[in-house]
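Taken in order, the sequence shown gives residues 1 to 169; the numbers are from UniProt numbering. Cβ atoms here follow ideal geometry from the backbone N, Cα and C, with glycine treated the same way.
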Amino acid sequence: MIHIRNARDGEAVLLSEIGLRAWQKAMAAIGESHAMIDAARGAFRNFVENDWLTITVVEQNGQVAGWAARERLDETISDFWIDPAFARQGLGSALLERIEKEIADRGFEKAAMQTHSGNNEAIGFFRKHGYSIHWLSVAYNPKLDRDVPSVGLTKTLVSDGNGGYGQEF
């Protein structure tokens with residue numbers, strides 16, 4: 001059974017390890033080093049300890065399977081991590097649906113996220129759920145201490161209700 005809830009204080013180790021495992025799988029396409037893994041482990045731990053109030057957790061049969069965050073509580077999904085052991089079981093779809101609802105409930109018309117351009121699994125997942133790629137860039141990532149090519153994806157969450165543009169008359 002899938003259950004979605006807010007993160008709890010004291011889950012930093014568990015959530016950061018899930019994030020790290022999912023990150024390692026995603027980073028396989030661009031390569032990683034032990035230094036990058038250590039930096040990522042520290043970054044995950046720091047984020048989860050300090051920003052756990054922005055995190056939504058998905059569980060499968062009582063076991064934490066992944067999490068997502070909206071770091072600034074805006075329309076941007078800053079983190080989205082499903083433990084590789086739980087992949088392809090509908091957990092990511094359920095978690096994304098909840099996050100999109102939270103974004104829409106806060107009055108935002110679209111959801112946005114970004115990932116590295118070689119993360120084909122994540123890009124495919126988000127495109128399957130209605131996201132479109134809107135930009136490509138290369139930027140320095142201080143957490144990884146290197147330039148990373150990234151794509152930005154967005155999805156419109158609200159419509160005007162009449163299938164067209166503007167106001168209905």
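With at least 16 other beta carbons inside 10 angstroms of its own, residue 66 counts as buried. Sorting 54, 36 and 20 by C-alpha distance to the C-alpha of residue 9 places 54 at the top. The beta carbon of residue 158 sits closer than 7 Å to the beta carbons of 104 and 109 from its chain, once the five residues preceding and following it are set aside; these are given in chain order. With contact defined as three or more Cβ pairs closer than 8 Å, the segment 45 to 65 and the segment 108 to 123 are not in contact.
In terms of Cα proximity to residue 93, the closest of 119, 46, 41 and 59 is 59.
Assigned with DSSP and collapsed to three states, residue 100 falls in helix.
A distance below 7 Å between beta-carbons, with the five flanking residues on each side excluded, links residue 125 to the following residues of its chain, in chain order: 92. Going by beta carbons, residue 18 and residue 83 fall inside the 8 Å limit. When secondary structure is reduced to three states using DSSP, residue 146 falls in the strand class.
Pairing residue 101 with residue 51, the inter-Cα distance amounts to about 20 Å. When beta bridges are read from the DSSP output, residue 5 appears opposite 57.
If the five residues before and after residue 80 are omitted, its C-beta is found closer than 7 Å to the C-beta atoms of 68 and 113, all from its own chain and listed in chain order.
Per DSSP, the beta-bridge partners of residue 114 are 152.
Its chain contains 136, 149, 150 and 151 as the residues whose beta carbon lies nearer than 7 Å to that of residue 117, once the 5 sequence neighbours on both sides are disregarded; these appear in chain order.
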